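Written out below as structure tokens is the structure these notes cover.
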Ligand SMILES: Cc1cc2nc3c(=O)[nH]c(=O)nc-3n(C[C@H](O)[C@H](O)[C@H](O)COP(=O)(O)O)c2cc1C
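Residue numbers (my numbering): 13 to 308.
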């Protein structure tokens, strides 16, 4: 076991969903230490609602075999809890598509290649060949608040793994096969299967691991109250100018507009804010919150 020192920010930002692993085994002592660190996660009233089944060997293989047999027979299972919105709606739909196509693009899977997409989805149930599989479950009587605690625990575990230069992929895909999981692991009916996780050392040469996801920026998801966010502009540079506005809930939705006229120009150098709807008609759809960037 070799525990590295990493800065917290480096551990967080170097974590990514890893979808191909090397076969190198992870020592039991390392797994135990990672769980010990993750167990320092806070939970309201310190009730620590997490339960983990750690599968580094034969049980992992039995689970893989049981689930893939079902999958190959066209049984795609059914989740006990709803993870995704139904139906999908914006901006989440676009973000989801961006992620899906990004991954398939890295793997060279074209949009019409449904079989290859299915094969990629199937790799979830091999834990992406990771040497260790983890299954997370929660007492089904616990309400949604405990799922907050559990989510933090999952992140702690993934970050703790980085201290050992190990990689992970959280896998909600497993939730659909809760019955098989319960049977193979002998899990009580009193538990709900939340998700699985692959853990091991990333195979960096595999194209699945070349895909990088983006993030929306704090300016887009945070509202900084009581701060001056207005931009200062020189009126002389304002005609014509380019206005880029962003749907604050979805970085993928950027609109670029060349503006020729701006009513109510501010005094030279004066701070001001513009609402895009004052200037031009918005695209159809739900009202956009706008963030502005102005370029002369
Ligand atoms: C709770 C949870 C469940 C997830 N389930 C899956 C999954 O079943 N299969 C998969 O390939 N990725 C899964 N992911 C990975 C996400 O797609 C990934 O975290 C997201 O696209 C951001 O990319 P990054 O983790 O590389 O930053 C899951 C992530 C989370 C947080």
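Note that the Cβ used here is the ideal one computed from N, Cα and C, for glycine as well. Only a predicted model underlies this, so the values are computations on that prediction, with no experimental measurement involved.
Proximity of residue 147 and residue 208 at Cβ, strictly below 7 Å: yes
Which of helix, strand or coil DSSP assigns to residue 259: Low local confidence applies: a pLDDT of 44 at residue 259 is under 50, so the model's placement there is unreliable, and no value is given.
First and last residue of the uninterrupted alpha helix (DSSP H) at residue 46: 40-50
Segment limits, alpha helix (DSSP H) that includes residue 131: 126-134
Alpha-carbon to alpha-carbon, residue 124 and residue 22: 38 Å
Which of helix, strand or coil DSSP assigns to residue 144: strand
Nearest-angstrom Cα separation, counted from residue 119 out to residue 73: 25 Å
C-alpha distance - residue 218 paired with residue 34, whole-angstrom precision: 10 Å
Cβ pair residue 37, residue 158 closer than 7 Å: no
Residue 57 versus 176, 84 and 161, residue with shortest Cα-Cα distance: 161
Best match in 117, 106, 82 and 178 for proximity to residue 137 [C-alpha to C-alpha]: 82
The segment 160-180 contacting the segment 37-56, beta-carbon criterion three pairs below 8 Å: yes
Buried versus exposed call for residue 101 [16 or more other C-beta atoms within 10 Å across all chains shown]: exposed
Runs of beta strand (DSSP E) lying entirely within the segment 52-124, each at least 3 residues, in chain order: 63-67
Assigned exposure category for residue 96 - 16 Cβ within 10 Å defines buried: exposed
Proximal residues to residue 24 (C-beta, below 7 Å), its chain only, five neighbours per side dropped: 171
Residue 156 versus 175, 204 and 193, residue with shortest Cα-Cα distance: 204
Residue 136 CB to nearest heavy atom of ligand 1 below 6 Å: yes
Given 8 Å, three or more beta-carbon pairs between the segment 139-153 and the segment 194-204: yes
Secondary structure of residue 25, DSSP reduced to three states: helix
Length of the line joining the Cα atoms of residue 17 and residue 220: 27 Å
beta-carbon residue 219 near ligand 1 non-hydrogen atom, thresh 6 Å: no
Per DSSP, cross-strand counterpart(s) of residue 208: 147 and 183
Boundaries of the alpha helix (DSSP H) in which residue 228 is found, first to last residue: Premise fails: residue 228 is in no alpha helix (DSSP H) and is neither H nor E.
Nearest neighbour of residue 206, chosen from 223, 186, 222 and 216 [CA to CA]: 186
Expected contact under 8 Å - CB spacing of residue 140 and residue 42 to nearest Å: At roughly 19 Å, the Cβ-Cβ gap does not stay under 8 Å, so residue 140 and residue 42 are not in contact.
Cβ-based neighbour list, residue 154, same chain, cut-off 7 Å, excluding 5 preceding and 5 following: 61
Per DSSP, the bridge partner or partners of residue 203: 151
Environment of residue 67 [buried if 16+ CB atoms lie within 10 Å]: buried
beta-carbon residue 28 near ligand 1 non-hydrogen atom, thresh 6 Å: yes
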